[in-house]
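Colleague:
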Amino acid sequence: MSLKVTFPKFFLLLLFLLFLNIVVVSLGNDAKSTLTVVNKTNHYLHVIVDNEPYLYVSPEKSITHTTEAKPTLMVNVFYSPGQGITGSAVDTIEVYYREASTSCSCNEEGTDECVYNPAAGGSARWEVTPEDLN
Amino acid sequence: MIRKIRHFKTIILFLILFPEIAFSQNSDQYTFFSLGFDGGYFFPVGHWKTHRYAAGVDQFQGDFKIGLELETKITRIGIGIIAGYSRLDLSQWEEYAQRRGDIISASANIYDLGLLFKYYFIAQKPSLASIDLGFNYFFPQGHETFSAYSYDYSFFNSNFGFMIGIGVKHLLSDNLALSLNIRGMLSIEGVKYPDGLTYDIMGLPITIGIRYIF
Chain W
4 MSLKVTFPKF
14 FLLLLFLLFL
24 NIVVVSLGND
34 AKSTLTVVNK
44 TNHYLHVIVD
54 NEPYLYVSPE
64 KSITHTTEAK
74 PTLMVNVFYS
84 PGQGITGSAV
94 DTIEVYYREA
104 STSCSCNEEG
114 TDECVYNPAA
124 GGSARWEVTP
134 EDLN
Chain A
44 MIRKIRHFKT
54 IILFLILFPE
64 IAFSQNSDQY
74 TFFSLGFDGG
84 YFFPVGHWKT
94 HRYAAGVDQF
104 QGDFKIGLEL
114 ETKITRIGIG
124 IIAGYSRLDL
134 SQWEEYAQRR
144 GDIISASANI
154 YDLGLLFKYY
164 FIAQKPSLAS
174 IDLGFNYFFP
184 QGHETFSAYS
194 YDYSFFNSNF
204 GFMIGIGVKH
214 LLSDNLALSL
224 NIRGMLSIEG
234 VKYPDGLTYD
244 IMGLPITIGI
254 RYIF
C-alpha cells in the first residue's frame with residue numbers, strides 16, 4: 004500500500020486518538036470530594052453521609068463516600084441497633100474545596116485572555132472512636 | 044459471576060439439545076398461550092438472611108410471594124415472562140433488638156422480573172410438567188427506623204440472577220388450569236455490605252396459581 008493511501012488513514016487515527024484523550028482528560032477533571040470514615044470502636048456502626056447510609060460497618064473497617072466537590076459533608080455515626088450499647092455523633096466535616104472560577108488578563112495585543120479554573124475537591128478522614136460516640 | 048453464567052449457558056444448551064423422550068404413548072404436545080397468577084411463600088436460603096452480629100438471628104425470614112406469568116407453549120417448549128414480589132419478615136430481628144433496648148421498625152421485599160424457559164417432560168392432558176430455567180433481574184429493598192434515624196438497606200444490590208425449578212399444571216378445562224411451581228432463585232451479589240462482605244441472595248419460592256389458557 005502506498006504512503007499516499009496510508010498517511011491520511013494514519014492521520015485520521017491520530018486525530019481520533021487525540022480527540023479521545025481530550026475527552027478523557029475533560030471527563031477526568033470532574034471535581035470530587037471524598038470522606039473516609041474508619042470504625043475504631045469494638046462494635047458495628049451505621050454511618051450516614053449526606054443522607055447516604057452505610058450500614059453495619061464492622062470494627063476496624065472503613066467506608067469511603069465520594070461526591071461532587073463541596074466544602075462540607077454532614078456525617079451521622081451511631082452504634083448499629085441490637086448491640087446493647089447506645090451512642091451517636093453528628094459532625095460537619097470540612098473538605099478542601101475550590102469554587103470554579105474564570106481569570107482574565109490583558110495580553111500584549113490588548114485583548115482579554117481568560118482561563119477557566121474548574122472546581123476542585125479534596126479528601127478527609129474521620130477515625131471514629133468510642134469517645135466520639137459518648 | 045462469569046462461572047455462574049457459563050453454567051447457566053451450559054444448562055440452556057443441554058435443554059435445547061435434549062432429545063425427545065416419549066414418557067407416554069399418547070403425549071399431547073398442543074400449543075397454548077396462557078396468563079397466570081400465583082401466590083405462595085418465599086423461603087430465604089443461605090448466609091445472606093442471617094444477621095451480621097446477632098447470633099442465631101435471621102434478619103430476613105420468609106413471607107408471602109405473589110407473581111404473574113405470561114407464557115407461550117409450542118410443543119414441549121415454553122417461553123414465559125415472569126414478574127414477582129416477595130415480602131420478607133424481619134420480626135425476629137425487631138424482637139432481638141427490642142430485648143436489647145433498641146426499638147426498631149423494619150421491612151424488606153424483593154421484586155423480580157425475568158424470562159423463563161420451560162421444557163415440558165410431561166405433556167399429556169390433563170397434566171403437564173416442566174423443568175423451568177429463568178434469567179431474572181432482582182430488586183431487593185428494605186427500610187429501617189431506629190431512634191431518630193430512618194434509612195434504606197443500602198447493602199441490598201439489584202442484580203441479575205437465575206431461577207431453576209419445576210412447574211406442574213393440571214388442566215380443569217381447555218381454558219383453565221391449576222399450577223404448582225417450585226423454583227430456586229439466586230441473585231448474584233444481592234447483598235453487598237459497605238465494608239466489603241458480599242452474599243448472593245438465594246431462596247425457594249413455592250407458589251400455587253391459576254392459568255387462563257387462550
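These protein sequence lines map, in sequence, to chains W and A. Just so we're aligned, residue 4 is where the first sequence starts under the numbering used here, counting upward by one. Just so we're aligned, residue 44 is where the second sequence starts under the numbering used here, counting upward by one. Glycine included, C-beta positions come from ideal geometry on N, C-alpha and C. Bear in mind that the values here come from a model prediction, so they are computed numbers and not experimental data.
For residue 85 of chain A versus residue 150 of chain A, is the C-beta distance shorter than 7 Å?
Modeller: For residue 85 of chain A and residue 150 of chain A, no; Cβs fall outside 7 Å.
Colleague: Excluding the 5 residues flanking residue 152 of chain A on each side, which residues of the same chain have their C-beta closer than 7 Å to its C-beta?
Modeller: Correct list, in chain order: 128, 129, 130, 131 and 184.
Colleague: Taking 7 Å as the CB-CB limit, is residue 98 of chain A close to chain W?
Modeller: No, residue 98 of chain A lies away from the interface with chain W (no Cβ there is under 7 Å from its Cβ).
Colleague: Given a limit of 8 Å on CB to CB distance, which residues of the stretch 59–79 of chain W reach chain A?
Modeller: Flagged, chain order: 59, 60, 61, 64, 65, 66 and 79.
Colleague: How would you call residue 139 of chain A, buried or exposed, if buried means at least 16 neighbouring beta carbons within 10 angstroms?
Modeller: That one is buried.
Colleague: Run the CB neighbour count on residue 252 of chain A, radius 10 Å, all protein chains shown included, and call it buried at 16 or more, exposed below.
Modeller: Residue 252 of chain A is buried by the Cβ-count criterion.
Colleague: Quick check: what's the CA-CA separation for residue 64 of chain A versus residue 161 of chain A?
Modeller: Note that residue 64 of chain A scores 39 on pLDDT, short of 50, meaning its location in the model is unreliable; the coordinates nonetheless yield the value given after this. Answer to the nearest angstrom: the Cα atoms are 15 Å apart.
Colleague: With a cut-off of 7 Å, does the C-beta of residue 119 of chain A fall near any C-beta of chain W?
Modeller: It does not: the Cβ of residue 119 of chain A has no partner Cβ on chain W nearer than 7 Å.
Colleague: Using the three-state DSSP reduction, which class does residue 162 of chain A fall into: helix, strand or coil?
Modeller: Residue state, collapsed to three classes: strand.
Colleague: Just the Cα atoms here: how many angstroms apart are residue 207 of chain A and residue 135 of chain A?
Modeller: When rounded, the distance between both Cα atoms is 29 Å.
Colleague: For a cutoff of 7 Å on Cβ pairs, would you count residue 133 of chain W as touching chain A?
Modeller: No, its Cβ sits nowhere closer than 7 Å to a Cβ of chain A.
Colleague: So, for residue 117 of chain A: in the same chain, excluding its five sequence neighbours on each side, which residues have a beta-carbon less than 7 Å away from its beta-carbon?
Modeller: Taken in chain order, the residues that qualify are 74.
Colleague: Could you tell me the boundaries of the alpha helix (DSSP H) in which residue 129 of chain W lies?
Modeller: Careful: residue 129 of chain W lies outside any alpha helix (DSSP H), inside the beta strand (DSSP E) at 126–131.
Colleague: Please list, in chain order, the residues of the stretch 130–161 of chain A that have any C-beta partner in chain B closer than 8 Å.
Modeller: No chain B appears in the structure shown, which is made up of the protein chains W and A.
Colleague: Identify which residue in W:73, W:75, W:86 and W:36 has its Cα closest to the Cα of residue 96 of chain A.
Modeller: The shortest C-alpha separation from residue 96 of chain A is found at W:86.
Colleague: Along the stretch 230–246 of chain A, where does the CB come closer than 9 Å to a CB of chain W? Name the residues.
Modeller: Answer in chain order: 236, 237, 238, 239 and 240.
Colleague: Determine, using beta-carbon pairs with one atom in the stretch 165–182 of chain A and one in the stretch 86–94 of chain A, whether at least three such pairs fall under 8 Å.
Modeller: Taking 8 Å as the limit for Cβ pairs, the verdict is that the stretch 86–94 of chain A does not touch the stretch 165–182 of chain A.
Colleague: With a cut-off of 7 Å, does the C-beta of residue 121 of chain W fall near any C-beta of chain A?
Modeller: Taking Cβ atoms only, chain A never reaches closer than 7 Å to residue 121 of chain W, which makes this a no.
Colleague: List, in chain order, every chain A residue whose beta-carbon is nearer than 7 Å to that of residue 85 of chain W.
Modeller: Under the 7 Å cutoff, chain A gives 97, 139, 140, 143 and 145.
Colleague: For the beta strand (DSSP E) that residue 194 of chain A lies in, which residues bound it at each end?
Modeller: From DSSP, the beta strand (DSSP E) with residue 194 of chain A extends over 192–195.
Colleague: Classify residue 254 of chain A as buried or exposed, calling it buried when 16 or more other Cβ atoms lie within 10 Å of its own Cβ.
Modeller: By the neighbour-count rule (16 or more Cβ atoms within 10 Å), residue 254 of chain A is buried.
Colleague: From the DSSP output, in three-state form, read off residue 140 of chain A for me.
Modeller: Residue 140 of chain A: helix per DSSP, three-state reduction.
Colleague: Compute the beta-carbon to beta-carbon distance between residue 120 of chain W and residue 106 of chain W, rounded to the nearest angstrom, for a pair I have assumed lies under 8 Å.
Modeller: 7 Å between Cβ atoms; contact.
Colleague: Please compile the residues from chain A whose C-beta is within a distance smaller than 8 Å of the C-beta of residue 2 of chain W.
Modeller: The question about residue 2 of chain W has no answer here: the residues shown for chain W are numbered 4 through 137.
Colleague: What are the partner residues of residue 149 of chain A, as DSSP defines its beta bridges?
Modeller: In DSSP, residue 149 of chain A forms a bridge with A:187.
Colleague: Put residue 1 of chain W into one of helix, strand or coil per three-state DSSP.
Modeller: This structure does not reach residue 1 of chain W, given that chain W is present from 4 up to 137, and the question cannot be answered.
Colleague: Out of W:77, W:38 and W:64, point me to the one whose CA is closest to residue 46 of chain W's CA.
Modeller: Checking every option, the nearest Cα to that of residue 46 of chain W belongs to W:64.
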